[in-house]
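Residue numbers (my numbering), protein chains in the order written: chain F, 46 to 323; chain A, 311 to 773; chain L, 281 to 592; chain U, 36 to 482.
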């Protein structure tokens with residue numbers, strides 16, 4: 046039987062926690078809500094202090110979808126982000142596997158060299174990367190967009206290495222004893238076990254690539270090949286910024302990810318939950 | 311315009327097919343990386359610009375001109391207007407196809423740099439005046455005036471604002487033709503004027519009057535008075551040049567070195583500072599000021615006519631928007647500097663240069679400016695069009711906002727650039743280290759300008 | 281029935297046959313090859329190029345860069361902008377740290393303690409700031425922080441706080457940009473801390489509660505130690521991942537101003553490269569940044585290594 | 036062969052030792068070294084000169100160890116003694132730094148684990164969590180089929196072998212389940228099934244019972260023994276549980292600190308522990324050890340609360356010794372509340388009362404040991420009672436087991452225990468080595 050003071054403390058604790066959560070969440074999603082509301086505002090209304098759209102209009106969405114190739118940009122962005130994610134995982138999984146299961150003698154040096162790549166500011170690579178894809182004639186192509194972004198693969202390797210370490214070594218040993226070759230251990234045992242972790246890492250990589258601004262703006266400046274992030278900057282025109290359509294466009298860009306999240310909410314949460322990120 | 315939109319779509323469909331073909335090859339299981347490379351090369355071969363493919367010399371032959379424009383592809387009036395211009399040109403010149411390329415306005419020079427580095431610069435590019443000097447220096451620009459015969463040039467430029475043409479001349483030559491040009495004006499909220507007991511039909515004409523009216527608005531209308539957008543978010547100095555020139559000074563001396571530490575320039579910026587310290591002007595950035603003006607909380611905004619259309623949209627249904635000419639310092643005539651963009655040619659071979667000239671000639675013709683003014687809102691650089699019933703007389707009859715600017719077209723002072731390859735760094739230094747601290751934060755005008763001038767001289771002198 | 285035998289003697293180094301040795305030695309490199317190729321082609325190669333370029337003068341379009349020696353470096357040191365940006369960068373890093381660690385950890389723990397539909401809703405809402413386009417985020421904040429009519433000042437007005445020019449005042453601009461960016465960082469890291477917490481046995485909590493531990497004691501002695509590794513990882517990771525977001529906010533909102541107060545080495549690098557078209561100075565800045573970070577990392581590893589040895 | 040004859044010098048002095056119980060023949064199995072003069076057996080597992088280091092510290096150092104074919108060999112030792120490492124070396128999961136592993140006469144040191152004909156059941160069973168029971172079991176066979184389409188098992192063969200194994204281990208009903216849906220015992224059986232379905236020549240078990248609860252463990256132990264009998268292959272089981280070690284194996288290998296301390300049939304190892312480590316590690320409660328000093332002609336030993344008279348020739352040398360006896364070998368004798376004398380007859384007459392001091396115990400007249408102490412803890416174990424006693428002086432407490440319903444002393448009662456001479460073990464106090472006969476090779480203990 047809890048004493049009255051304990052009960053009081055519990056109530057205060059619960060209220061406190063909810064106040065904390067509510068407050069923090071409110072602050073954090075305030076910009077999203079404001080942007081959502083503003084995307085329905087008229088050009089004049091957007092400057093008002095009133096956060097609600099009055100009068101509300103769909104004009105901004107009309108502009109964003111009809112006068113602006115938002116769908117094409119979204120497809121480009123999806124292809125790019127998926128390509129970057131897929132290639133990074135394709136490269137990182139075997140590398141992380143090797144680093145955990147059969148580390149070469151120089152693996153400490155190797156890990157240090159991988160970690161250093163995380164610290165190199167992308168801006169400092171952009172000039173050489175840009176010249177490279179220009180010489181290859183890769184501007185405004187998906188390879189030109191995607192391949193140089195592999196400079197970030199080190200992150201995937203470091204994250205996956207932790208996940209692979211968390212897999213019981215006995216299970217992998219059992220597969221070896223069952224006669225599985227190293228590649229088969231990876232494909233038939235490790236990968237299925239790693240799926241939730243791969244999901245979580247993939248989501249992280251996908252979001253990072255999706256939000257990428259600088260590289261796509263240099264690698265694929267043509268509006269037909271551009272991605273959504275630099276594409277949205279087209280609304281900041283010399284003739285005055287088109288805030289409404291820009292926000293409408295960014296809502297449309299957010300929508301697919303949120304929809305996927307809502308549909309796969311359980312799975313994504315599970316992915317993060319069981320990703321073993323420790 | 312609708313037709314054109316469809317053609318854009320057609321192009322992208324073709325390109326998608328290319329991608330699809332490449333894609334089929336791409337997904338063979340092994341060696342994904344290598345195959346992607348191959349596919350990319352294939353895709354690239356078909357999508358890289360026409361500039362690289364050598365055209366036939368004959369004038370009847372089809373030729374295409376690539377056109378980099380920061381207006382193209384934008385979803386606003388600038389994009390629509392540019393599309394209309396291209397459509398009209400292609401109709402008039404069936405043998406020339408224009409391949410427009412869009413770019414964010416902030417990225418124009420980057421894009422041109424990188425395209426040039428990649429070996430495929432556009433044939434024609436729309437370049438902002440503030441970046442034009444750098445562009446002349448950095449890019450393989452072919453002076454437009456060198457392309458046609460003298461007679462052709464003279465015929466084409468007859469009726470063009472000769473004052474402006476001579477203002478943009480470099481070494482006695484027009485290297486880039488003024489295209490989308492704006493000059494600063496006073497935008498004012500007529501409702502706030504009335505509320506403050508001012509007569510909206512008699513807007514201020516001098517800086518002193520601006521200050522007086524602004525203080526009246528602040529006191530009586532409960533709104534901010536004026537914002538002189540010298541502190542430009544894009545770090546452009548065209549308004550700084552405008553106020554200094556209007557006060558009889560120069561920002562950049564004839565030698566291409568700073569002259570903004572001279573008394574006239576110091577006086578101009580001191581006047582700007584006085585607006586802030588007196589309370590007539592809020593100490594905010596230009597972006598915030600535009601928002602405040604759009605919200606009806608700022609009486610006057612002094613900025614480029616380029617934003618006329620968007621201010622008009624924002625004011626619709628909220629307040630009456632009017633414009634007045636750029637204010638003068640006392641009795642000295644106002645001498646605003648133009649901003650906006652010119653058209654430069656980067657085409658590599660004669661045939662494309664010739665086609666580029668044809669295109670430029672059309673864009674800056676009477677038909678061209680009719681579209682530019684009526685669809686995008688830039689000034690008609692052939693002033694007679696405004697009264698020509700065939701062209702813009704109906705537009706100006708209905709739309710008075712551009713008239714004050716047009717009236718000042720013959721007063722504009724040339725945009726001046728610093729010398730050397732660190733010119734853009736000099737502009738940023740002036741705006742960041744002198745203009746902003748002086749105007750918004752009360753730094754001493756004389757000492758600040760003098761120290762920054764020294765700093766800029768050092769920068770410009772570096773290798 | 282047999283007897284296991286133990287015989288003294290015969291012992292010697294027994295070497296594997298050469299083929300076996302070769303196969304075992306080669307295997308890791310086979311798996312690491314794609315990574316090594318990718319990093320050499322897309323990081324280390326360009327880095328070397330950048331290093332060479334840092335001694336050159338080049339505007340990216342001239343046919344050839346010209347040799348300049350160490351002038352680019354001395355420019356960085358002698359002009360006030362870069363050292364100033366470096367100091368700001370430190371402030372960014374230090375202030376961002378709690379938003380990458382403590383704040384999201386507290387939120388994640390609060391969510392984790394009472395699982396259920398409510399926390400799912402919270403989690404979904406907290407996902408939103410992560411995926412809102414960076415440029416839209418920046419523009420939204422530009423409006424929210426507007427000195428004259430922004431919502432933040434309106435709300436501040438209710439509490440009797442006067443209007444403030446958050447982004448226009450050099451004293452507050454840096455912290456405004458930091459707070460704006462931290463929203464995204466917090467949102468992302470709540471997710472990641474949530475993932476780490478999922479590995480913690482809830483049974484432990486019940487056991488501790490039965491032992492009479494208070495909520496705080498449970499958090500302090502069970503939950504926090506469990507998250508130690510995540511804190512370190514996300515702390516470091518965030519300092520790497522967060523720069524593109526800071527960059528977008530600075531580019532849209534302040535352009536490094538006012539008075540250079542929001543400038544940082546990354547934005548400076550970009551300015552040198554793509555505003556001033558000074559590839560040499562930009563490269564020199566890149567070399568300095570990378571070198572400094574590698575140095576910090578090296579020292580960190582050294583200290584961590586020594587401490588681990590001290591414990592062992 | 037007798038033990039005396041087999042005995043070689045291991046201590047400075049040959050002590051007359053107790054002879055084994057009459058009628059107990061020494062297990063008459065040829066030594067590996069007898070079978071193959073070069074020291075390499077042709078059957079079973081042989082480790083030759085195996086060294087495995089982690090850092091500078093050798094985790095495993097086995098000059099030679101043979102595991103006979105068809106045996107159920109139990110490797111026992113405290114945790115961290117290298118027994119699991121040894122198992123992993125045999126399985127091929129670890130590569131030794133030095134030495135060779137032979138299985139049925141073939142050098143497998145550099146063979147991949149899957150090609151050694153070895154199966155291993157892990158302590159945590161290491162089931163593939165994403166595969167059903169059936170897939171877990173047939174994974175290895177399917178791989179074999181994939182790798183060698185010609186001579187690998189056919190699909191029909193795989194399914195019949197899986198069915199057979201499932202039937203044998205009672206898993207037929209569980210074939211579609213995932214490991215997460217199984218109980219601990221079921222998981223263990225799946226782990227076993229996965230191991231034996233490949234018909235390995237050698238089956239290795241790494242503490243297979245430790246994650247089962249006590250009740251299940253007893254049953255699983257019996258099942259494993261039965262399974263070994265049915266399969267007839269070589270089984271090596273690693274455990275840290277001495278009871279398991281003594282009860283299950285046909286052979287016992289005791290390890291400590293990366294080395295093999297003693298090997299042999301369980302009963303022999305139990306009866307003749309090679310040193311104090313083995314003596315105290317095997318048996319519950321562990322063997323009692325007393326530090327004693329020889330007196331007189333060296334046949335009389337005395338320490339606090341303990342006195343012994345040993346048979347055999349006189350021992351000229353003096354110096355302290357360790358005297359050991361197993362709690363079950365002690366006979367509790369009633370004592371007078373007042374003095375040394377027996378309360379109700381018993382060994383009264385043979386008491387020699389010459390050696391007397393406050394802590395001393397009268398030396399028995401005949402061969403044997405007499406201990407005196409006070410009952411401190413009395414534990415009822417069901418089929419008997421364990422009494423922990425303390426002697427006067429610094430000596431550690433010692434225990435004696437009382438069978439059945441024999442009279443049990445109460446706490447605080449004075450206790451006298453007599454041990455027959457043949458149940459006495461003597462050890463060198465310095466190295467802890469056994470003095471006198473063992474049936475193992477003395478140099479094994481010396482290693």
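By construction, the Cβ of each residue, glycine as well, lies at the ideal position given by its N, Cα and C atoms.
- Contact fails between the segment 550-557 of chain L and the segment 416-426 of chain L, because fewer than three Cβ pairs, one in each stretch, are under 8 Å apart.
- Annotated as proximal: residue 560 (chain L) and residue 337 (chain L), with beta-carbon spacing under 7 Å.
- Residue 424 (chain U): member of the beta strand (DSSP E) spanning 419-425, first to last residue.
- Residue range 406-412 is occupied by the beta strand (DSSP E) that includes residue 409 (chain A).
- Chain order gives the chain L residues near residue 253 (chain F) as 521 and 524, where near means a beta carbon separation below 9 Å.
- Proximity of residue 683 (chain A) to chain F, defined by a Cβ-Cβ separation below 7 Å, is not satisfied.
- Two segments are said to touch when three or more pairs of C-beta atoms, one from each, lie closer than 8 Å; by this definition the segment 288-306 of chain F touches the segment 404-416 of chain L.
- Put simply, the backbone Cα of residue 182 (chain U) is about 17 Å away from that of residue 219 (chain F).
- Around residue 106 (chain F), no beta-carbon contact reaches into chain L at under 9 Å, the shortest distance being about 14 Å.
- Taking a beta-carbon distance threshold of 7 Å, residue 315 (chain L) does not count as an interface residue toward chain A.
- In this model, residue 280 (chain U) and residue 301 (chain U) are separated by some 8 Å (Cα to Cα).
- By alpha-carbon distance to residue 379 (chain A), the top candidate from A:399, A:729, A:427 and A:437 is A:437.
- Between residue 94 (chain F) and residue 627 (chain A), the alpha-carbon positions lie close to 16 Å from each other.
- Residues of chain L whose Cβ lies closer than 8 Å to the Cβ of residue 123 (chain F) do not exist; the shortest such Cβ separation is about 13 Å.
- Fully contained in the segment 210-237 of chain U are the following alpha helix (DSSP H) runs of length 4 or more, in chain order: 219-231.
- Scanning its chain for C-beta atoms nearer than 6 Å, with the 5 sequence neighbours on each side dropped, one finds no residue around residue 535 (chain L).
- In the pairwise beta carbon analysis, the segment 466-479 of chain L is classified as not touching the segment 347-365 of chain L: fewer than three pairs are separated by under 8 Å.
- At a cut-off of 4 residues, the continuous stretches assigned as alpha helix (DSSP H) that sit fully inside the segment 675-749 of chain A are 676-681, 703-708, 713-717 and 733-739.
- Neighbourhood of residue 126 (chain U) in chain F, by CB distance below 9 Å: 218, 221 and 222, in chain order.
- Following the DSSP letters along the chain, one finds residue 323 (chain U) in no alpha helix (DSSP H) but inside the beta strand (DSSP E) bounded by residues 323-330.
- Within chain L, no C-beta atom comes nearer than 8 Å to that of residue 205 (chain F); the closest sits roughly 11 Å away.
- Think of a sphere of 7 Å around the beta carbon of residue 159 (chain F): no beta carbon from chain A falls inside it, the nearest being about 18 Å out.
- When the alpha-carbon of residue 150 (chain F) is set against those of L:537, L:417, L:356 and L:307, the nearest one is in L:307.
- Out of A:405, A:548, A:381 and A:444, the CA that lies nearest to the CA of residue 340 (chain L) is found in A:444.
- Close to residue 601 (chain A), with beta-carbon spacing below 8 Å, are these residues of chain F in chain order: 92.
- Looking from the CA of residue 668 (chain A), the closest CA among A:559, A:402, A:432 and A:392 belongs to A:402.
- Within the segment 362-377 of chain L, no residue has its Cβ closer than 9 Å to any Cβ of chain F.
- Nearest in C-alpha terms to residue 489 (chain A), of all of A:654, A:479 and A:594, is A:654.
- The three-state reading of DSSP puts residue 368 (chain U) in strand, counting E and B together.
- Straight across, the Cα-Cα distance linking residue 438 (chain L) with residue 430 (chain L) is about 13 Å.
- Assignment of residue 463 (chain U) by DSSP, reduced to helix, strand and coil, places it in the coil class.
- Out of A:548, A:584 and A:389, the CA that lies nearest to the CA of residue 682 (chain A) is found in A:389.
- For the pair residue 264 (chain U) and residue 485 (chain L), the Cα-to-Cα distance works out to about 47 Å.
- What residue 165 (chain U) touches in chain F, judged by beta-carbon distance under 7 Å, is 237 and 238, going in chain order.
- A direct Cα-Cα distance of roughly 27 Å separates residue 449 (chain A) from residue 532 (chain L).
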